[in-house]
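Read the structure below first, then the notes.
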Amino acid sequence: MSLDEMILIPCGTAYVGSDTASESPKVLVDIPAFRISKYQVTNSQFRAFIESGGYEKADFWSKDGFAWLKESKQMQPAFWDESRYTGDNQPVTGISFFEAEAYARWANGRLPTEVEWEKAARGSQGIIYPWGQDEPTLAIANFSPDYVPIEIASVDVDKFPTNVSPFGCYQMAGNLYEWCSDYFHTDTPQKRNMSFYREERVSRRRVLKGGAWTTDASRLRAAARWSYTPDLRDNIIGFRIAQDVRS
Numbered sequence: 001m002s003l004d005e006m007i008l009i010p011c012g013t014a015y016v017g018s019d020t021a022s023e024s025p026k027v028l029v030d031i032p033a034f035r036i037s038k039y040q041v042t043n044s045q046f047r048a049f050i051e052s053g054g055y056e057k058a059d060f061w062s063k064d065g066f067a068w069l070k071e072s073k074q075m076q077p078a079f080w081d082e083s084r085y086t087g088d089n090q091p092v093t094g095i096s097f098f099e100a101e102a103y104a105r106w107a108n109g110r111l112p113t114e115v116e117w118e119k120a121a122r123g124s125q126g127i128i129y130p131w132g133q134d135e136p137t138l139a140i141a142n143f144s145p146d147y148v149p150i151e152i153a154s155v156d157v158d159k160f161p162t163n164v165s166p167f168g169c170y171q172m173a174g175n176l177y178e179w180c181s182d183y184f185h186t187d188t189p190q191k192r193n194m195s196f197y198r199e200e201r202v203s204r205r206r207v208l209k210g211g212a213w214t215t216d217a218s219r220l221r222a223a224a225r226w227s228y229t230p231d232l233r234d235n236i237i238g239f240r241i242a243q244d245v246r247s
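Going by UniProt numbering, the residue at position 86 of the sequence shown is 86; the numbering climbs one at a time, nothing skipped.
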């Protein structure tokens with residue numbers, strides 16, 4: 001099984017959002033075709049970025065990202081030396097938005113937008129969870145019922161074979177939150193329409209999606225939204241990459 005596989009998400013409309021106040025309304029958005037990684041980026045994949053000098057080459061970093069890099073002097077993810085987070089097929093964690101963005105450029109991709117991420121996670125019909133409408137169980141996803149952690153770490157990206165979206169993407173609910181490229185605003189769902197593609201209004205925070213091993217079932221809904229400042233390097237955050245599809 002190749003962990004480098006990219007999934008083609010065809011062009012067309014998809015439902016995003018929900019009836020929950022912070023995510024409403026649920027609307028149709030027309031989303032161009034794109035590709036997204038089948039799995040979250042792994043430690044093995046990120047190691048190649050480090051070994052190729054990814055932390056030293058300005059070309060891979062945004063202006064803000066390179067300024068953060070020079071100030072922070074980071075050369076590897078947080079938790080990189082903690083064995084419970086660093087299995088080859090575990091998703092890389094302790095990754096700031098800036099590091100995720102740099103890796104994506106190095107890998108000839110980018111971070112997905114929030115609406116792309118939702119379409120990949122819940123299909124065109126806007127199901128609640130990647131696997132459907134049924135509530136999460138510990139047989140389906142890595143999460144914390146009532147916020148009581150079970151695993152105390154992430155699991156391999158190809159674990160939980162039923163935690164797969166309609167398009168074939170693994171673990172878009174639980175395990176690790178995932179960075180999206182959008183700036184975060186609480187009123188973004190209210191501003192969406194058929195042609196809304198990405199939140200460009202600048203803010204101090206970036207969008208995170210999918211829930212994590214520390215969160216309860218409510219955060220695993222594909223429409224659920226969370227955010228943080230782009231310098232956060234927590235052990236509950238990872239990412240996957242997207243690519244444009246040339247016509």
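The C-beta atom is built at its ideal place from N, Cα and C for all residues, glycine as well.
What you are looking at is a predicted structure, and each value in this text was computed from that prediction instead of being measured.
Margin query: So the candidates are S18, Q40, G12 and I7; which of them puts its Cα closest to the Cα of V157?
Written below: Q40
At what residues does the alpha helix (DSSP H) containing K70 begin and finish? K63 to S72
query: Does the beta-carbon distance from M172 to A120 come in below 9 Å?
result: yes
Excluding the 5 residues flanking G109 on each side, which residues of the same chain have their C-beta closer than 7 Å to its C-beta? I241, A242 and Q243
Next on the checklist: By alpha-carbon positions, which one of K70, D187, S124 and A104 ends up nearest to G168?
Outcome noted: Nearest option by C-alpha distance: S124.
- Task: Give me the Cα-Cα distance between N235 and I128, rounded to the nearest whole angstrom.
- Result: Taking the straight line from one Cα to the other gives about 25 Å.
Discussion item. At the level of alpha carbons, what is the spacing between A107 and N163?
Written reply: 25 Å
- Query: My guess is that Y177 and R205 are in contact by the Cβ rule of under 8 Å, so how many angstroms apart are they, rounded?
  - Reply: Actually they are not in contact, since the Cβ atoms of Y177 and R205 sit about 13 Å apart, beyond 8 Å.
- Query: Where DSSP assigns a beta bridge to W243, which residues make up the other side?
  - Reply: In the sequence on display, residue 243 carries Gln and not Trp. Beta-bridge pairing links Q243 to R35.
TODO: Would you identify the three-state DSSP class for T42, choosing helix, strand or coil?
DONE: Secondary structure at T42: strand, using DSSP grouped into helix, strand and coil.
Q: Helix, strand or coil for D30, going by three-state DSSP, please let me know.
A: Taken through DSSP and simplified to helix, strand or coil, D30 comes out as strand.
So who's on the other strand from P91, going by DSSP bridges? T42
Quick check: the Cα distance between D146 and A104, rounded to an integer number of angstroms?
34 Å
Which residue wins for smallest C-alpha separation from L232, given the options V29, T93 and Q133? T93
Whole beta strand (DSSP E) runs in the stretch 159 to 219 with 3 or more residues, listed along the chain?
177 to 183 and 206 to 209
key: Nearest-angstrom Cβ-Cβ length linking D187 and V207, presumed shorter than 8 Å   = That belief does not hold up - the Cβ atoms of D187 and V207 are roughly 13 Å apart, past 8 Å.
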